[in-house]
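Trainee: One structure follows; several queries about it will come next.
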Amino acid sequence: MTPLPVTHQAPAAPQILARCRDLVRPALAQAVRQLHPWHAEMAAFAVGWDATDGSPVPGSQGKGVRQALTLLGAEAAGGAADEAVVGAVAVELIHVFSLLHDDIMDGGETRRQRATVWKTYGTGPAILAGDALFALAVQTLADAPGGHSAAAVRHLAGTLTDLVRGQAEDLLFESRPWTGPEAVQPHEYRCMTGHKTGALLGCAAGLGAVLAGAPATTVDALAGAGRHLGVAFQAVDDLLGIWGDPQVTGKTVHNDLRRRKKTYPVLAALATNHTAALHLAGLLGTGTGAPLDAASARRAADLVEEAGGRSATLAEAHRHLDSARRSLEAVALAPDALGEILALLPFLVDRTM
12 MTPLPVTHQA
22 PAAPQILARC
32 RDLVRPALAQ
42 AVRQLHPWHA
52 EMAAFAVGWD
62 ATDGSPVPGS
72 QGKGVRQALT
82 LLGAEAAGGA
92 ADEAVVGAVA
102 VELIHVFSLL
112 HDDIMDGGET
122 RRQRATVWKT
132 YGTGPAILAG
142 DALFALAVQT
152 LADAPGGHSA
162 AAVRHLAGTL
172 TDLVRGQAED
182 LLFESRPWTG
192 PEAVQPHEYR
202 CMTGHKTGAL
212 LGCAAGLGAV
222 LAGAPATTVD
232 ALAGAGRHLG
242 VAFQAVDDLL
252 GIWGDPQVTG
262 KTVHNDLRRR
272 KKTYPVLAAL
282 ATNHTAALHL
292 AGLLGTGTGA
302 PLDAASARRA
312 ADLVEEAGGR
322 SATLAEAHRH
332 LDSARRSLEA
342 VALAPDALGE
352 ILALLPFLVD
362 RTM
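Quick note, the sequence shown lines up with residues 12 to 364 if you use the numbering used here.
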């Protein structure tokens, strides 16, 4: 594909993300301090802060992908980053809300190299903190200055519907068999991740454009690029959930396989006619559904790779990366901001955490 033209050499992706985090953090900390003190404490813990003042704990802060996409989306649409900070705050609040609830539903015990909120504070408190973040995100956008707050809330509302639908689909996958006509197929999983992960990244990129007053075609193009990036991002997360270094990811090695989670590498492997796929289905379908032991998880990882699940997932990620680029080609965008978005795309797919 011919690269899109830019007027300068974009900064490296880590610097882009750091710039956006630095712009958003004061407003995000101010928003979190509006919560009940208990909820604010849990929110700060989840975000990776030492306290509600926004000071980060070394090694535990997230990348800030969604908030960066919001700011860059605004700039790409001809607006200013500082005008979209309120949207970046709302998106980040929704992201943290989704992580709190997702960790409870998945039984995840570690995130960002420390215990998850529900493991630290309890299930009930973590649910309440997530609910508080959800409400605060909507209120933050509703109170946004300028004349685009109503459109911004509508944009977020559609995303929330998609996100909850995707989470429901993910949970329902757990009760379906590994093989046979009722088995989860890769295309179904792709659709689920488009809702669960892609929707929020799409919302982030499109929301910046909404707050910049961009036309619908520009909003849709940026949102489409973000959605494709979200699917690619989830594909890489699935790889890291099996083969990621726990010292880098902060999660247990072979974490998803131990929990018998239906992820894209596993489903892609099972969809083949490879002998390893038959052995994999037998291994995952044995027992009472209890977590696999370490030896069985290692064996399952080897079988997934042997059946082609790892390579198929990498190919899936890069297909969606190409689709994201095509979405960005569909409209005229500010060249400098476009260059920074393009610099983020491969970084987020070729990452190790």
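By construction, the Cβ of each residue, glycine as well, lies at the ideal position given by its N, Cα and C atoms.
#1: DSSP three-state call for A126: helix, strand or coil?
#2: Taking the alpha helix (DSSP H) that E86 falls in, what are its first and last residues?
#3: Assuming H290 is part of the alpha helix (DSSP H), what are its boundary residues?
#4: Is T131 helix, strand or coil when you go by DSSP?
#5: Please list, in chain order, all residues of the same chain as Y275 whose beta carbon is under 7 Å from its beta carbon, the five residues on each side excluded.
#6: Just verifying my parser: in three-state terms, what is the DSSP assignment at T13?
#7: Can the beta-carbon of V195 be found closer than 8 Å to that of K272?
#8: What three-state label does DSSP hand W60 in the structure shown?
#9: Taking the CB atoms as reference points, tell me whether A216 and G84 lie closer together than 8 Å.
#10: For a quick check, are the C-beta atoms of L152 and A220 less than 8 Å apart?
#11: Looking at C-beta atoms only, is the number of pairs between the region 205 to 214 and the region 224 to 237 that lie closer than 8 Å three or more?
#12: Tell me, please, whether the region 336 to 344 touches the region 305 to 313 by the rule of three or more beta-carbon pairs shorter than 8 Å.
#13: Going by DSSP, name the residue or residues bridged to P67.
#14: What is the DSSP secondary structure of T151, counted as helix, strand or coil?
#15: Using beta-carbon positions only, say whether A114 and W129 come within less than 8 Å of one another.
#16: Rounded to a whole number of angstroms, what is the C-alpha to C-alpha distance between P156 and N284?
#17: With burial defined as no fewer than 16 other Cβ atoms inside 10 Å of the residue's Cβ, what is the status of E103: buried or exposed?
#18: Express the C-alpha separation of N266 and D256 in angstroms, rounding to a whole number.
#19: State the beta-bridge partners of T204 as determined by DSSP.
#20: Are L82 and C31 touching if we call contact CB-CB under 8 Å?
#21: Between the alpha carbons of L218 and L167, how many angstroms are there, rounded?
#22: What number of angstroms, rounded off, separates the C-alpha of A161 from the C-alpha of G169?
#23: Measure the Cβ-Cβ separation of V360 and A243 and say whether it is below 8 Å.
#24: Checking 8 Å against the spacing of the C-beta atoms, do R77 and H112 come in under that value?
#25: Consider the C-beta atom of A246 and the heavy atoms of the ligand SAM; say whether any pair is separated by less than 7 Å.
#26: Short check: CB of L268 to CB of W189, under 8 Å?
#27: Over the uninterrupted alpha helix (DSSP H) stretch that includes E103, give me the two end residues.
#28: Distance, Cα to Cα, V96 vs Q178?
#29: From H159, T286, A292, pick the residue whose C-alpha is nearest to that of A227; which is it?
#30: Can you tell which of T121, L251, L147, G133 has its C-alpha closest to the C-alpha of L365?
Mentor: If we stick to the structure as given:
#1: Assigned with DSSP and collapsed to three states, A126 falls in strand.
#2: Note, E86: alpha helix (DSSP H), 76 to 87.
#3: Unbroken alpha helix (DSSP H) run through H290: 286 to 295.
#4: Three-state result, T131: helix.
#5: These residues qualify, in order along the chain: P197, Y200, A246, D249, T324, E327.
#6: Annotation note: pLDDT 37 at T13 (below 50); position unreliable, coordinate value reported separately. DSSP places T13 in the coil class of the three-state scheme, outside both helix and strand.
#7: No.
#8: W60 carries a strand assignment under DSSP once its states are collapsed to helix, strand and coil.
#9: The answer is yes: Cβ separation under 8 Å.
#10: Remark: C-beta atoms of L152 and A220 do not approach each other more closely than 8 Å.
#11: They touch, by the three-pair rule.
#12: Taking a contact to require three or more Cβ pairs closer than 8 Å, the region 336 to 344 and the region 305 to 313 do not qualify as touching.
#13: In DSSP, P67 forms a bridge with W60.
#14: Looking at T151 - three-state DSSP - the assignment turns out to be helix.
#15: A quick correction: the sequence has Asp, not Ala, at residue 114. Yes, the pair counts as a contact, with Cβ atoms nearer than the cut-off.
#16: Taking the straight line joining both Cα atoms gives about 57 Å.
#17: Only buried fits E103, as 16 or more other CB atoms lie within 10 angstroms of its CB.
#18: Across the structure, D256 and N266 are spaced so that their CA atoms are roughly 11 Å apart.
#19: DSSP output for T204 lists no bridge partner at all.
#20: Between L82 and C31, the CB-CB gap stays under 8 Å.
#21: Between the alpha carbons of L218 and L167 lies a distance of about 8 Å.
#22: Each residue's Cα considered, the two are about 13 Å apart.
#23: With contacts defined as CB atoms closer than 8 Å, V360 and A243 qualify as a contacting pair.
#24: Going by C-beta atoms, R77 is not nearer than 8 Å to H112.
#25: This structure simply doesn't include the ligand SAM, nor any ligand for that matter.
#26: It is not a contact, given that the beta carbons lie outside the stated cut-off.
#27: Residue range 96 to 117 is occupied by the alpha helix (DSSP H) that includes E103.
#28: A direct Cα-Cα distance of roughly 27 Å separates V96 from Q178.
#29: Per the C-alpha coordinates, the member of H159, T286, A292 positioned closest to A227 is H159.
#30: Residue 365 lies beyond the range of the chain shown here (12 to 364); nothing can be said about it.
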